[in-house]
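Asks:
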Amino acid sequence: MNAFGPICHHVVKLAAVTFLATSAFSQASPKYDPATEVTSKGVVQEVKLVPASGGKPIAYLVMKSGTDAVQVFLCPKKFLDDMGIVFKTDEEIEVTGSKVKQDGADLILAREVLKGGETVTLRFKGGKPAW
């Protein structure tokens, strides 16, 4: 193996992970359905941006609720930035949103997030985006 072997291996793995995460959100976006609205409490396990670089990043997070990890679609990162909202790892939150399936996985399209006693509105009652 040459000197670039280990580096190339990591670049390929990173590219594959980025592609999988990006493809999950680049396909037809699921629609907000008020009939599937749920409220769930948990702790922020991870905050992610897709795509991680270039393009207009979309913010989502992984919330640990009991023994389950739930992916929560928030909004475009710029919308959070404009409001001055930052989500941090280990922060307790309560999410109200539409539970949908995306590529066979459960996902919550967040309408409101309660964090630190403050309600962050990302979508209006019927699910129309606030951004």
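Residues in the sequence shown are numbered from 19 upward in steps of one, following this note's numbering. Where is the CB? At the ideal position from N, CA and C, for every residue including glycine.
1. Give the range of the alpha helix (DSSP H) segment to which F97 is assigned.
2. Comparing alpha-carbon positions, which option in A87, T114 and V118 lies nearest D51?
3. Are the Cβ atoms of L140 and A128 separated by less than 8 Å?
4. On a Cα-Cα basis, can you pick out the residue from D100, A148 and K59 that is closest to Q89?
5. Would you decide whether V61 is buried or exposed? Buried here means 16 or more other CB atoms lie within 10 Å of its CB.
6. Just reading off the beta strand (DSSP E) that K82 is part of, what are its end residues?
Replies: With the structure as the only source:
1. K95 to M101
2. Among A87, T114 and V118, the Cα nearest to that of D51 belongs to V118.
3. yes
4. K59
5. exposed
6. I76 to S83
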